Structure formats: C-alpha cells, structure tokens
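Working notes, beginning with the structure itself.
There are 2 protein chains.
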Amino acid sequence: MPSLEKGLALGLIDHFSLDLDEVLDAADIVVIGAPPKATAQLLTEVIDRAAHCGSPIVTDMASIKGFIVDSVKRTYPRFIPGHPIAGSEHSGVEAAKADLFQGREVILTPLPDSDERALLAVEEMWVAAGARITHMSVADHDAALAASSHAPHMLAYALTAMLDDHDLLPMKHGGGALRDMTRIAASDPVMWRDIALTNREALLDAMDALAVEHSRLRELIDAGDGEGMEQYFMRCRQLRRAHDNILNPFIPSGEVPG
Amino acid sequence: MPSLEKGLALGLIDHFSLDLDEVLDAADIVVIGAPPKATAQLLTEVIDRAAHCGSPIVTDMASIKGFIVDSVKRTYPRFIPGHPIAGSEHSGVEAAKADLFQGREVILTPLPDSDERALLAVEEMWVAAGARITHMSVADHDAALAASSHAPHMLAYALTAMLDDHDLLPMKHGGGALRDMTRIAASDPVMWRDIALTNREALLDAMDALAVEHSRLRELIDAGDGEGMEQYFMRCRQLRRAHDNILNPFIPSGEVPG
Numbered sequence: 001m002p003s004l005e006k007g008l009a010l011g012l013i014d015h016f017s018l019d020l021d022e023v024l025d026a027a028d029i030v031v032i033g034a035p036p037k038a039t040a041q042l043l044t045e046v047i048d049r050a051a052h053c054g055s056p057i058v059t060d061m062a063s064i065k066g067f068i069v070d071s072v073k074r075t076y077p078r079f080i081p082g083h084p085i086a087g088s089e090h091s092g093v094e095a096a097k098a099d100l101f102q103g104r105e106v107i108l109t110p111l112p113d114s115d116e117r118a119l120l121a122v123e124e125m126w127v128a129a130g131a132r133i134t135h136m137s138v139a140d141h142d143a144a145l146a147a148s149s150h151a152p153h154m155l156a157y158a159l160t161a162m163l164d165d166h167d168l169l170p171m172k173h174g175g176g177a178l179r180d181m182t183r184i185a186a187s188d189p190v191m192w193r194d195i196a197l198t199n200r201e202a203l204l205d206a207m208d209a210l211a212v213e214h215s216r217l218r219e220l221i222d223a224g225d226g227e228g229m230e231q232y233f234m235r236c237r238q239l240r241r242a243h244d245n246i247l248n249p250f251i252p253s254g255e256v257p258g
Numbered sequence: 001m002p003s004l005e006k007g008l009a010l011g012l013i014d015h016f017s018l019d020l021d022e023v024l025d026a027a028d029i030v031v032i033g034a035p036p037k038a039t040a041q042l043l044t045e046v047i048d049r050a051a052h053c054g055s056p057i058v059t060d061m062a063s064i065k066g067f068i069v070d071s072v073k074r075t076y077p078r079f080i081p082g083h084p085i086a087g088s089e090h091s092g093v094e095a096a097k098a099d100l101f102q103g104r105e106v107i108l109t110p111l112p113d114s115d116e117r118a119l120l121a122v123e124e125m126w127v128a129a130g131a132r133i134t135h136m137s138v139a140d141h142d143a144a145l146a147a148s149s150h151a152p153h154m155l156a157y158a159l160t161a162m163l164d165d166h167d168l169l170p171m172k173h174g175g176g177a178l179r180d181m182t183r184i185a186a187s188d189p190v191m192w193r194d195i196a197l198t199n200r201e202a203l204l205d206a207m208d209a210l211a212v213e214h215s216r217l218r219e220l221i222d223a224g225d226g227e228g229m230e231q232y233f234m235r236c237r238q239l240r241r242a243h244d245n246i247l248n249p250f251i252p253s254g255e256v257p258g
C-alpha cells in the first residue's frame, strides 16, 4: 500500500480503496493500467462484478488487444478496449507526468457490442488528457503495433545479441547510430516476453516482413546496384522526414513506450 | 572557395591554398576528410606527389579502410589510415565543433610498411583533440564497423521501407521506440550508397549474422518459449547497460556518425 499512500500524499489521487466492489460502485470510469497478462486478469475480475456494482464504464491501456479481448469471457458492452501510445522506461507513482498524453495517439478498438455512450465517454476522457483518438479493429491494432513497436524491439534485441557474439566485439566501436539502434534493448525483459507471448502471430508476421525487406536490400548490396540503393535510401529518408515533420511532431526521442 | 574564406573569416583556419604542391610542402600532417570514394581519389593524388613535396605525414578519416588502402597504389610509409568514430548529420564549415572528438575513439590501421614516427605523430594529433586511440588491422576495422555501424544503418532502412509497404501504415502509430529505430534512415543516401559499395563483403557478412540472430529469436517466439525469451532479453538489457555505463559514456544520443 505505500505507493497508494504516496499518491495521496503527493496529491495525485483523491481517494483509494482496496475493496473492489466499493471502487466499482463509486466509479464512472474504471481505467486498468497494467502489463498485458495482469490487465487480462484484472479485467476478468472487474467485468465479472461490474454489472452488479454500479455498471461503470471499463477501459484498459494494454499494448495488445486481441489477447485481452479474448481473455475476457463475459460480454460487457460498457468495456471499451484502449491503448495510449505513450509511456517511458520509468514506472511508479513518482514517474507520474501530467502531460504524458499531450498530443499522443490513443487507439480505441470498440467491440461489435460496445455501447456508443461508453465509447464517447472514454474518448472524452482521453481528449481531456490532450490525446488524439484513432479507432481500429482489434486485429488491425495488433498487426500495426507488431510492425511499429513490437518487431522493432525484437530487432534491437537481435542486433545487440549479434554484436555480443561477434569476435571483434563491435559494440566497443559504436557511435551514436549504434546507441540509437540498441537503446530499447534495455527494455523490461518480462514485459517484452509477455508481449511476444500474447501478440505472437502478428509479431511473427511483422518479423517475417522485415526479414524479407532486409534480404531485398541485401540483394541490392550484393549486386553492387548503386542506383537501386540510392533510390531505396532516398525513399527512406523522405519517409523518415515526413514522419518527423508531419505525423508525430509531439514525440520526444529516447522514450520506450509499452 | 567561399567555404575556405568563411573558415578564414571565422578564425577556424590560419591559411588556405589551392596549390596542392605548396600545401604539401608546407604541411607537417595532411588530414583528408571526405566521403570514402573522394578520399581514395584525393589520397592517390596526394601520395603521388608527397615524396617530392616535403614528405608530409598523410592520414585520412574515411569510415572504410580496405577500399581506401587498396585504392592507393603507390607505397608511402608516412601514410597512416585512420577513422574517428565521431560526426553528426550536419556538415560544412559552420558545423565545426571544437570538442567533436573529445572522448571519442579514433581507430588507426597502420600498414606493414608504416613508419613508426609517422604513426606516433598521428596519435599525438588525435590525443591533442581529446580522442582515445585504438589500433586494428584494416580487415578487422571494416568487419567491426560493418557490424556496429553499417549493418545497423541497413536495418533502419529496411525497417522504414517495411513500415511504408505495410497495408496499415504502422509508422503513423509509432512512438519513441520507432523514432529511435528509424532515425538514421534519414542519413545521406549518397554516402550510404558509397559505404555499401565499398565495404560490400564485410557488410553482407554482418547483415547475414544479423539475419541469423533475428531468425533465432523468431524461433523462440514461434515456440512460445517464455523462459528462453526472458533470458535472451535479460542478456541484451545487461549488454546495453554495460555499453551505456562503461564503454561509451561520451557519446550523446541522436547522432549520425559516418
């Protein structure tokens, strides 16, 4: 309980209770923020009781949605699955940041039976925190995040392991590029084990797509195709600059979102 | 000539001359700083004349050594090939930084016939700029840099291209991890084309080693081997933290060294 008391002392929360029924009865919206496996357990428990305890709106923040939605056996139209693309490598009540969601994307994946008013309330909550809302299907969310976040993490892990296995210990001779490309290999091993276990198929698809692209580039290099490489690199430079300038102007570097 | 005059006006250089023989006659050490292909051309021209023009010590800064050394046909014992692991995505005289080499590694790859006193003089020059010196063979340098810098750049390019080809345009939904992993995909296309052309074999070896490691990690994920993944990720976290804390404490993030 020390972290709840600390939150109270810091003025970050107004009340807390360890009595789940009491919490559900009092709440308008229940937001579950925990790693994927813990989120699935907590959601199951909350939704089992919610209908009899004030019927609050329920949402979550887990970075995987298929596993979460599949884990919750009971139908509850006031459950709106969500995923804010924000976070850092820090955790705990002292890492709280009022502007954590400012300008960031929150993906909501409403289910076929989701209540329209519950969806609107969850959207309003996120907009009040400064976020912008995207709707996606559960499957699209998991595939997009496998490609944009989960597979890049696996790449950083594989690169780090390769460098350590190399006879010449090339990590000793790396500069800023290497530093960037391996930063997220310091991410939490248990969290990433759970993500790889719970978003397995979409992650494997993204890793395969990446392997195909990597071997396409390898062919250009093997063939000494300078013109092909220059076009390839030019296209990537344009894509990366568009990403910086237009799509995600709000995201500072050096973060490790979940 | 405007950039040389600007250098003079800014007090960055004391003199300049466009007469190569005059420069060689006056110089103690000639340092060639240019992309790999231009470095090879300039070195050939300088070394062809150096023996008849004051015999200055000659060194270079190119990020590939085998191609450079092979390009210089004439033997000149006072040529010491070098590569400072430092730089940024900026170029030109106004991007000059007095502390650019402070705490950074400079790899020298002396040749079998290299003059010992010339080597010492080049080392003293780099130490005066704040750098630390490593000696490597030409082949080891190119293999280590292929793994620590060139292959990671190819990875960033391949990831960026994969994300753009993906139906769901996942780059729109990326956070800080994606930003880090694609930053160097904005690097200069011509420079990286030249690096891939001139360090082709070592780069292909590093890309192959990475593909093997990536597919090893893929197998753990495919098998749902949670314990294996956790060990793998834990090892990477330790390696990455050791890299941050011990080996390269000087390198700021967000740089794109050549």
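In the order they appear, the protein sequences are chains A and B. Throughout the first sequence, residue numbering follows the working numbering, covering 1 to 258 in sequence. Throughout the second sequence, residue numbering follows the working numbering, covering 1 to 258 in sequence. Each residue gets a CB set at the ideal place from its N, CA and C atoms; glycine is no exception. None of the values given here were measured: they were computed from a predicted structure.
- Compare the Cα-Cα distances from residue 288/A to each of 79/B, 207/B, 213/B and report the closest residue. Any question about residue 288/A goes unanswered here, given that chain A covers just 1 to 258.
- Coarse secondary structure for residue 59/B, derived from DSSP in three states: On the second sequence, position 59 is the one that residue 59/B refers to. Here residue 59/B sits in strand by DSSP.
- Task: Let me know if residue 120/A comes out buried or exposed under the rule of 16 or more other beta-carbons within 10 Å of its beta-carbon.
- Result: As a position in the first sequence, residue 120/A is number 120, starting the count at 1. Counting Cβ neighbours within 10 Å, residue 120/A comes out exposed, since fewer than 16 surround it.
- Message: DSSP three-state label for residue 111/A, please.
- Response: Counting from 1 along the first sequence, the entry for residue 111/A is found at position 111. DSSP places residue 111/A in coil when its eight states are reduced to three.
- Task: Taking residue 158/A as the query, report the chain B residues whose CB atoms sit under 8 Å from its CB, ordered along the chain.
- Result: Looking up residue 158/A in the first sequence gives position 158. Result: 210, 213, 214, 216, 217.
- Task: Report yes if the CB atom of residue 107/B is closer than 8 Å to the CB atom of residue 195/B, and no otherwise.
- Result: Along the second sequence, one-based indexing puts residue 107/B at 107. Along the second sequence, one-based indexing puts residue 195/B at 195. In this structure, residue 195/B does not lie closer than 8 Å to residue 107/B by Cβ.
- Helix, strand or coil for residue 195/A, going by three-state DSSP, please let me know. As a working mapping, residue 195/A is identified with position 195 in the first sequence. It is helical.
- Residue-level contact to chain A via CB, residue 162/B, 8 Å cutoff: Locating residue 162/B in the second sequence gives position 162, counting from the first residue. Yes, because at least one Cβ of chain A sits closer than 8 Å to the Cβ of residue 162/B.
- Item | Contacts around residue 3/B, its chain only, beta-carbon distance under 6 Å, and the 5 residues preceding and following it disregarded | Residue numbering aside, residue 3/B sits at position 3 when the second sequence is read from its first letter. Result list for residue 3/B: 93, in chain order.
- Query: Where does residue 214/A fall in DSSP's three states?
  - Reply: Counting from one through the first sequence, the residue named residue 214/A turns up at place 214. Looking at residue 214/A - three-state DSSP - the assignment turns out to be helix.
- Query: If the cut is a Cβ gap below 8 Å, which residues of chain A does residue 132/B touch?
  - Reply: Reading the second sequence from its first residue, position 132 is the one you call residue 132/B. Those do not exist, as residue 132/B stays about 11 Å from chain A at its closest Cβ, beyond 8 Å.
- Just curious, the beta strand (DSSP E) that residue 133/B is in, first and last residue? As a position in the second sequence, residue 133/B is number 133, starting the count at 1. Element bounds for residue 133/B: 132-135.
- DSSP three-state assignment for residue 92/B, whether helix, strand or coil: Here the question's residue 92/B lines up with position 92 in the second sequence. Correct three-state label for residue 92/B: coil.
- What does residue 196/B reach in chain A if we use C-beta pairs closer than 7 Å? As a first step, residue 196/B must be located in the second sequence, where it is residue number 196. Near residue 196/B (Cβ distances below 7 Å), the residues of chain A are 221, 229.
- Rounded to a whole number of angstroms, what is the C-alpha to C-alpha distance between residue 91/A and residue 42/A? In the first sequence, counting from the first residue as 1, residue 91/A sits at position 91. In the first sequence, counting from the first residue as 1, residue 42/A sits at position 42. In a straight line, the C-alpha of residue 91/A is about 19 Å away from that of residue 42/A.
- Candidates 140/B, 181/B, 202/B: which alpha carbon is nearest residue 160/B's? Within the second sequence, the letter at position 160 stands for residue 160/B. Measuring from the Cα of residue 160/B, the nearest candidate turns out to be 181/B.
- Task: Under 7 Å between beta-carbons, which chain A residues line up against residue 300/B? List them in chain order, please.
- Result: Residue 300/B lies beyond the range of chain B shown here (1 to 258); nothing can be said about it.
- Query: Using the C-alpha atoms, what's the distance from residue 28/A back to residue 15/A?
  - Reply: For the purposes of this step, residue 15/A is taken as the residue at position 15 of the first sequence. For the purposes of this step, residue 28/A is taken as the residue at position 28 of the first sequence. Between residue 15/A and residue 28/A, the C-alpha separation is close to 14 Å.
- Message: Taking 6 Å as the limit between beta carbons, can you name the residues of its chain near residue 111/B, skipping five residues before and five after?
- Response: Along the second sequence, read from residue 1 onward, the residue named residue 111/B stands at position 111. The answer is none, since no qualifying residue turns up.
- Message: What would DSSP say about residue 72/A, mapped onto helix, strand or coil?
- Response: Taking the first residue of the first sequence as position 1, residue 72/A is located at position 72. Residue 72/A: coil per DSSP, three-state reduction.
- Item | Closer than 9 Å at the beta carbon, the chain B residues around residue 154/A | Counting from one through the first sequence, the residue named residue 154/A turns up at place 154. Under the 9 Å cutoff, chain B gives 214, 217, 218, 221.
- For the beta strand (DSSP E) holding residue 52/B, just list the boundary residues, first then last. Working through the second sequence from its first residue, we reach residue 52/B at position 52. Segment: none, residue 52/B is in no beta strand (DSSP E) and carries neither H nor E.
- Enumerate in chain order the residues of its own chain whose CB-to-CB distance from residue 171/B is below 6 Å, with the five nearest sequence positions on each side excluded. As a working mapping, residue 171/B is identified with position 171 in the second sequence. The residues are 163.
- Query: Would a check of beta-carbon distances place residue 106/A closer than 8 Å to chain B?
  - Reply: Mapped onto the first sequence, residue 106/A falls at position 106. Output row for residue 106/A: interface = no.
- residue 263/B and residue 145/A closer than 8 Å at C-beta: Nothing about residue 263/B can be reported from this structure: the residues present for chain B run from 1 to 258 only.
- In the DSSP assignment, find the unbroken beta strand (DSSP E) run with residue 83/A in it and report its ends. If you number the first sequence from 1, residue 83/A lands on position 83. Where residue 83/A is concerned, the enclosing beta strand (DSSP E) stretches over 82-84.
- Chain-ordered chain B contacts of residue 85/A [CB-CB under 7 Å]: The sequence position of residue 85/A within the first sequence is 85, counting from 1. Simply 173, 175.
- Just mark residue 52/A as buried or exposed, buried being the case when its beta carbon has 16 or more other beta carbons within 10 Å. The count along the first sequence starts at 1 and reaches residue 52/A at position 52. Burial call: exposed.
- Which first and last residues belong to the beta strand (DSSP E) in which residue 29/B is found? To locate residue 29/B, count along the second sequence from 1; it is residue 29. From DSSP, the beta strand (DSSP E) with residue 29/B extends over 29-32.
- C-alpha distance - residue 187/A paired with residue 150/B, whole-angstrom precision: Reading the first sequence from its first residue, position 187 is the one you call residue 187/A. Reading the second sequence from its first residue, position 150 is the one you call residue 150/B. Distance between the alpha carbons of residue 187/A and residue 150/B: 24 Å.
- Query: Going by other Cβ atoms of all chains shown within 10 Å of its Cβ, with 16 needed for buried, is residue 37/B buried or exposed?
  - Reply: In the second sequence, the residue the question calls residue 37/B occupies position 37. By the neighbour-count rule (16 or more Cβ atoms within 10 Å), residue 37/B is buried.
- With burial defined as no fewer than 16 other Cβ atoms inside 10 Å of the residue's Cβ, what is the status of residue 148/A: buried or exposed? The count along the first sequence starts at 1 and reaches residue 148/A at position 148. Buried, by the Cβ-count rule.
- Message: For residue 113/B, count the other beta carbons within 10 Å of its own beta carbon; 16 or more makes it buried, fewer makes it exposed. Which is it?
- Response: Numbered from 1 along the second sequence, position 113 holds the residue referred to as residue 113/B. Exposed.
- How would you label residue 248/A, buried or exposed, when you count the other beta carbons within 10 angstroms and need 16 or more for buried? For the purposes of this step, residue 248/A is taken as the residue at position 248 of the first sequence. Because the pLDDT of residue 248/A is 49, which lies under 50, any placement of that residue in the model is unreliable, and the number read from its coordinates should be weighed accordingly. Buried, by the Cβ-count rule.
- Query: Can you name, in chain order, every residue of its own chain whose Cβ lies under 6 Å from the Cβ of residue 6/B, other than the five neighbours on each side?
  - Reply: Translated into positions along the second sequence, residue 6/B becomes position 6. Excluding positions up to five away in sequence, the list reads 93.
- Message: Which same chain residues end up closer than 6 Å to residue 185/B when comparing Cβ atoms and leaving out the 5 residues on each side of it in sequence?
- Response: Here residue 185/B refers to the residue found at position 185 of the second sequence. Once the five neighbours on either side are set aside, the close Cβ partners of residue 185/B are 156, 157, 160.
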